[in-house]
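K.L.:
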Amino acid sequence: MRPSIPILILLSALWIIGGTWFLSSSFCGAAGAAGGGGIPNFSVKDGNFSTKPVETFSFNYSSDRVVFSDKTIESMKTIASHLKKNPERLLTLSGVFARSEKNETAFDNLGIARAKSIKSKLVKYGAPNESIATEGFLVDNTQFNKNRDDKTVLYGGVNFIFTGQEGSDIEVEGGSESSGSLGLSSSTTSSALAPYVINYTSSNIKMAMTTEISDLLASLRAYLDDHPGSKVIVTGHTDSNGSNSDALNAASKVRRFLRNNDFASKEVVAESKGSSDPIASNETEEGRKMNKRVTISIEK
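Adding 15 to a residue's 1-based position in the sequence shown gives its number in my numbering.
Next comes the structure, spelled out in structure tokens:
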């Protein structure tokens, strides 16, 4: 019986080594799907409503085709049900894209196409079509990762923003800090246009319909009418403590303010530069306040 003992020890060692290899292969493959950090979570909140699946959706590089996991699909169905039960709520889907990506869709940019792709799924699951708006943003430092199939993907890529149907989160009273002037006229050239700056303290940016803002909108409208093909560019910025999402939300709300004041969707382009373009030092409170801003400019 003694010779059998070394054999049992050998088999046990092989089992342990083999089992360890199997577990390592399984878990390292999943963790490596997002560059070693795992697939990020996706969560949506609107008042008392919230949902959080295990992993988020994704888009391949330069693609508007959304990829869902089974659990993310269940979350989308829950969001669709929430919109159906609360027709007074408006969901704005803000898709992002990188400057280096190719847009081979029928839409103005890949961000809008990605938002439209999410919208079509939500409508399929029962959400009212009129309860969902879409828009696209250029984000300079968009982060891509390698998935399990070694393809370059964008995890998430569409922000979910709930408001009232009339965009009630954008208040037209109370005032916000703003400065600058576009000084637009029919003879002004694009290179001479100075951006109009709106500072904000949080993503719940407020715009006051003051005489200054009214004159700004009138100047923008006149310039676009005199220069067909020109666009209004709304760019979100934040300080070193903020995120791309903060800048994106602020720009989105200013764009929505313009849309609510008779500017067509194709006339207003929103983008985010996050914290990549500061105009003051982030070492001081005053500098951080200056860096949290949305600029409105003209592109020919």
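Where is the CB? At the ideal position from N, CA and C, for every residue including glycine.
G251 and A265 - do their beta-carbons sit closer together than 8 Å?
P.N.:
yes
K.L.:
Please report the straight-line C-alpha distance between R303 and T253, rounded to a whole angstrom.
P.N.:
8 Å
K.L.:
Rounded to whole angstroms, what is the Cα-Cα separation between E282 and S260?
P.N.:
23 Å
K.L.:
Once the 5 residues before and after T167 are set aside, which same chain residues still bring their CB inside 6 Å of it?
P.N.:
Around T167: Y76, F159.
K.L.:
Report the option in V81, I127, D155, G151 whose CA atom is closest to the CA atom of R114.
P.N.:
D155
K.L.:
Per the DSSP calculation, S132 is bridged to which residue(s)?
P.N.:
None; S132 has no bridge partner.
K.L.:
Between the alpha carbons of A262 and L106, how many angstroms are there, rounded?
P.N.:
A262 and L106 have their alpha carbons spaced roughly 18 Å apart.
K.L.:
Whole alpha helix (DSSP H) runs in the segment 253 to 299 with 4 or more residues, listed along the chain?
P.N.:
259 to 274
K.L.:
Could you tell me whether the Cβ atoms of G244 and S290 are closer together than 8 Å?
P.N.:
Result no, Cβ atoms of G244 and S290 do not sit closer than 8 Å.
K.L.:
Whose C-beta lies closer than 6 Å to the C-beta of V138 among residues of the same chain, with five residues either side of it excluded?
P.N.:
These residues qualify, in order along the chain: N144.
K.L.:
From the DSSP output, which residues share a beta bridge with L235?
P.N.:
Per DSSP, none; premise fails for L235.
K.L.:
Determine the DSSP secondary structure at S245, reduced to helix, strand or coil.
P.N.:
S245 carries a coil assignment under DSSP once its states are collapsed to helix, strand and coil.
K.L.:
Would you check if the distance between the CB atom of I127 and the CB atom of G110 is smaller than 8 Å?
P.N.:
yes
K.L.:
When you compare the CB positions of S267 and E119, do they come within less than 8 Å of one another, or not?
P.N.:
no
K.L.:
In whole angstroms, what separates the C-alpha of N214 from that of I311?
P.N.:
Between N214 and I311, the C-alpha separation is close to 11 Å.
K.L.:
In whole angstroms, what is the alpha-carbon distance linking A285 and K100?
P.N.:
30 Å
K.L.:
Looking at the structure shown, is G251 part of a helix, part of a strand, or coil, going by DSSP?
P.N.:
strand
K.L.:
With a 10 Å radius around its C-beta and 16 neighbouring C-beta atoms as the bar for buried, classify R3 as buried or exposed.
P.N.:
This structure cannot settle anything about residue 3, because the visible part of the chain is limited to 16 through 315.
K.L.:
Could you tell me whether any non-hydrogen atom of the ligand COA is closer than 7 Å to the CB of N306?
P.N.:
Absence of the ligand COA is noted for the structure shown, with no ligands found whatsoever.
K.L.:
Should T299 go down as buried or exposed, given a rule of 16 or more other Cβ atoms within 10 Å for buried?
P.N.:
exposed
K.L.:
Roughly how many angstroms separate the alpha carbons of P293 and N306, rounded to a whole number?
P.N.:
Rounded to whole angstroms, P293 to N306 spans 5 Å at the Cα level.
K.L.:
May I ask you to report which of helix, strand or coil DSSP gives G151?
P.N.:
When secondary structure is reduced to three states using DSSP, G151 falls in the strand class.
K.L.:
Taking L232 and N275 to be in contact with their CB atoms under 8 Å, please state how far apart those CB atoms are, rounded to whole angstroms.
P.N.:
The pair is not a contact, with the Cβ atoms about 11 Å apart (cut-off 8 Å).
K.L.:
Which of the three DSSP states, helix, strand or coil, is assigned to N160?
P.N.:
strand
K.L.:
Quick check on the burial criterion: 16 or more other C-beta atoms within 10 angstroms. Buried or exposed for E116?
P.N.:
buried
K.L.:
Give me, in chain order, the residues of the same chain whose beta-carbon lies closer than 6 Å to that of D61; leave out the 5 immediate sequence neighbours on both sides.
P.N.:
F177
K.L.:
If we ignore side chains and look at the alpha-carbon of each, how far apart do P102 and D240 end up?
P.N.:
35 Å
K.L.:
Quick check on the burial criterion: 16 or more other C-beta atoms within 10 angstroms. Buried or exposed for S58?
P.N.:
exposed
K.L.:
Please look up how many angstroms separate the CB atoms of S84 and T66, rounded, as I've assumed it's under 8 Å.
P.N.:
In fact, because the Cβ distance is near 14 Å, the residues do not count as touching under 8 Å.
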